[in-house]
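Take a look at the structure set out below.
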Ligand SMILES: [Cu+2]
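Residue numbers (this note's numbering): 200 to 676.
Okay, structure coming up:
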C-alpha cells in the first residue's frame, strides 16, 4: 500500500501537462526541422556531462555540494522534459575522484519526497552507502563520505530510497563517479576529452515531451527510444586518436549487446570493479542494467569522413541504433597507448568456506512480487551474516524467463561459474553486478569487506528491486 501512495504522490508532484505548457521553446528553422522527427537517430551531438568542481579541497579531501531537485531537460529538440536531477541535470554532473583522496558529497534534498544516494560499486561504510531505508527528508541534507581507497573504477551514484527507484532513476537521478588511480596513469590511458563516460538508458515520451512511464513489475520497463548522456541516439565527432569509452547501463531493465560497425575490435580494459588483469579484444559485448564496461577504440585506422554506428544487436526496430562516431581529421600527437600485456594483478580472495544458494522467482500469491530465496525485502530482517574478511560462494539460480542483474552493495565479487557456458575473459575481473540469464545458474565469489555493517543485495532490474527482490546482509566483525 505504501508503494501505491508513493506513486500517487509522485505523479501529482511531478510535471503535469499544464506545467509543461509554456516550456515549449521556439528556436531556429533548423531546430524546428529537427523537432519534426525528434526520434530520428544521429541528429544531435553527444552531450558531455559537466564535471562537478569541489567547493573545498582543504585538509586532503574534496568537498562537493549537490542539490537534488526538479528541473527540465531538453532531450527532444524543442521540448522541455520534466526531470529530477542532481543539480537539475540529467544525467547528473560527473564526479572525478582520486584514489587516496576522500570525498564528501553534500547532498541537499530539494524534492518533495524522501531520496538518498547510493554510490554503486563503492567501498563505502554502511552509514554512507545509501541503504534503502536511510533517506534524506525533503529540505534536509546528508554528507556522504567516500573514502576512495579502492582501485580506480567507473562507479556511479543514484537514488536508492526503497520502492521507487524505477521511477526516480528513470526520471533522472543518475550520475557518473569516475575514480582514478596511479595505475591508470602509468598505463597512459586516454584522458580529458578522450575519456568519455556514456550513460545508456531507454525511455519513452508523451506528446508533450514528458517521459512516459508504465510500470511492468514482471518484465520491467522497456522504452522505444535510446538515450546516451540524455540525447536520442546521438553522434559524436571523434579525432583520429585512441578513445576510452566508458559504458554504463543506467536503464531500468533493458540489457544490451553492443557492437561497433560490423564488429570492429574494441579493446575491453575494465568492468564494474575497475581494470581487468589484461585487456580483452571484443567484437561485441553484453551490458546488463547497472553494469559498466570500458573499452579503448583506436580511431587512427579510419579515414576522415568514416562513420561507425554503435549498435545494440539485442534491440528491436528503434532500439538498435545507440550512437554514431563520425571520424574527423586531425588529432595531433597521440599521447595514449593501447595496453598490450598485464594491467593489474587482482589479489586472491580467502578460500570460501560457505556456499549459499539463492533462487530467483516470481511470487503471485498476493500481488506480483519478485523474490530471492522465496523472500521479499524486509528492512527489519537480516537475511545473511557473513564474516568480515571472508569470502563465500553465492549461487544465483534463475528458473524464471527474465534476466536478473544481481548486485551487492559495498563489496566486490568474481564470477566463477555460469551454467550456460564458460565465463568470458571480459567478465573475469572484479564485479559488483552480474547478469543472471533466463534459465541460468551463476556462481559468484564475493569478498566481505572492507567494512562491517548492514548492506543490501538485490536485482538491478529496478522494477524487480522495488517489488521487492532485495535482501539484507550484515557483515559481522
Ligand atoms: Cu530481476
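From the three backbone atoms N, C-alpha and C, an ideal C-beta is built for every residue, glycine too.
Here the structure is a predicted model, which is why all the values come from computation and not from measurement.
Pairing residue 432 with residue 488 gives a Cβ-Cβ distance that is not under 8 Å. Take residue 361, set aside five residues on each side of it, and the residues of its chain with a beta-carbon closer than 6 Å to its own are 331, in chain order.
The alpha helix (DSSP H) runs of length 4 or more contained entirely in the region 292-378 are, from start to end of the chain, 364-369. Of the heavy atoms belonging to ligand 1, none sits nearer than 7 Å to the Cβ of residue 522.
With a 10 Å radius around the Cβ and a threshold of 16 neighbouring Cβ atoms, residue 554 comes out exposed. Between ligand 1 and residue 361, a heavy atom-to-CB distance of less than 7 Å is absent. Along the region 441-481, the beta strand (DSSP E) occurs as fully enclosed runs of 3 or more residues at 441-448, 455-459, 465-470 and 473-481, listed in sequence order. Distances between the C-beta of residue 339 and the heavy atoms of ligand 1 are all 7 Å or more. Distances between the C-beta of residue 564 and the heavy atoms of ligand 1 are all 7 Å or more.
In this structure, DSSP gives residue 271 an extended state, which the three-state scheme calls strand. For ligand 1, no non-hydrogen atom lies closer than 7 Å to the CB of residue 319. Around ligand 1, the residues selected by a Cβ distance under 5 Å to any of its heavy atoms are 603, 658, 660 and 663, following chain order.
In the structure shown, residue 644 adopts extended strand secondary structure according to DSSP, grouped into three states. DSSP places residue 665 in the uninterrupted alpha helix (DSSP H) bounded by 661-665.
Cα atoms of residue 310 and residue 251: separation of roughly 20 Å, rounded to the nearest angstrom. Sorting 463, 429 and 671 by C-alpha distance to the C-alpha of residue 447 places 429 at the top.
A Cβ-Cβ distance of about 5 Å is found for the pair residue 675 and residue 584, placing them in contact under the 8 Å criterion.
With a 10 Å radius around the Cβ and a threshold of 16 neighbouring Cβ atoms, residue 536 comes out exposed. Residue 393 carries a helical assignment under DSSP once its states are collapsed to helix, strand and coil. Residue 493: member of the beta strand (DSSP E) spanning 491-497, first to last residue. Proximity to residue 273 across 337, 618, 373 and 409 peaks at 409, based on C-alpha coordinates. Within the same chain, 614 come within 6 Å of residue 626 by CB-CB distance, once the 5 residues on both sides are set aside. The Cβ atoms of residue 631 and residue 596 do not sit closer than 8 Å to each other. Taking each of 351, 353, 479 and 328 in turn and checking the Cα distance to residue 341, the smallest one comes out for 328.
Residue pairing from DSSP places residue 555 in a beta bridge opposite 593.
Within the same chain, 351 and 474 come within 8 Å of residue 383 by CB-CB distance, once the 5 residues on both sides are set aside. Under the three-state reduction of DSSP, residue 243 is assigned to coil, being neither helix nor strand. At least 8 Å separates the beta-carbon of residue 282 from that of residue 313.
For residue 381, no beta strand (DSSP E) run applies; the uninterrupted alpha helix (DSSP H) run containing it begins and ends at 381-385, by DSSP. Fewer than three pairs of CB atoms, one per stretch, sit closer than 8 Å, so the region 397-415 makes no contact with the region 560-568. Rounded to the nearest whole angstrom, the CA to CA distance from residue 590 to residue 607 is 13 Å. Going by C-alpha positions, residue 503 is about 21 Å away from residue 240. Under the three-state reduction of DSSP, residue 280 is assigned to strand. Around the Cβ of residue 539, a 10 Å sphere holds fewer than 16 other Cβ atoms; the residue is exposed. Here residue 634 is buried: its Cβ has 16 or more other Cβ atoms, across all protein chains shown, within 10 Å.
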